[in-house]
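Below: the structure, in structure tokens.
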Amino acid sequence: MSETRVLTAHVPTHLAEKVDAMAARLERSRGWVVKQALAAWVDLEEERHRMTLEALADVDAGRLIDHQAIVAWADSLETDTPLPLPAA
């Protein structure tokens, strides 16, 4: 079994009640629900950070698409002759 630490957080009552209801519905402990939610959030934030670094590397490398080209493309999607997707 891996090491654990206790984290304490004050959460709004309505959120705590939702966690309690979810735990009861899933027949799991409140701690299990919170651990699952926290793990999912951390994974999401790590992915967001990775994608941000990737986007910044694209900017640094000059792999950009002009804003006006994107706007023109998006506007054309509602017409009978949509423009091709702009490329970097």
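So the sequence shown is numbered by my numbering: it starts at -18 and just counts up by one.
For glycine and all other residues, C-beta sits at the position ideal for the given N, C-alpha and C.
Computed from a prediction, not measured in an experiment: that's the story for all the values here.
Cβ-Cβ distance between residue i and residue j below 8 Å
{"i": "D(-8)", "j": "A4", "result": "The identity of residue -8 in the sequence shown is Val, whereas the question assumes Asp. No, the Cβ-Cβ distance between V(-8) and A4 is not below 8 Å."}
{"i": "A69", "j": "L34", "result": "no"}
{"i": "P67", "j": "A50", "result": "yes"}
From the options, residue whose alpha carbon lies closest to that of residue i
{"i": "R(-14)", "options": "G12, T(-6) and R6", "result": "G12"}
{"i": "T(-11)", "options": "M(-18), L19 and A55", "result": "L19"}
Extent of the continuous alpha helix (DSSP H) run through residue i
{"i": "I46", "result": "No alpha helix (DSSP H) holds I46; DSSP gives it neither H nor E."}
{"i": "R72", "result": "Since the first residue shown for the chain is -18 and the last is 69, residue 72 is missing from the structure and cannot be characterised."}
{"i": "H(-9)", "result": "That residue, H(-9), is in no alpha helix (DSSP H); it is neither H nor E in DSSP."}
Neighbourhood of residue i by C-beta, 7 Å cutoff - its chain only, sequence neighbours within 5 removed
{"i": "S10", "result": "A4"}
{"i": "L37", "result": "none"}
{"i": "A53", "result": "L64"}
Neighbourhood of residue i by C-beta distance below 8 Å, restricted to the same chain and skipping five residues each side
{"i": "D1", "result": "R11"}
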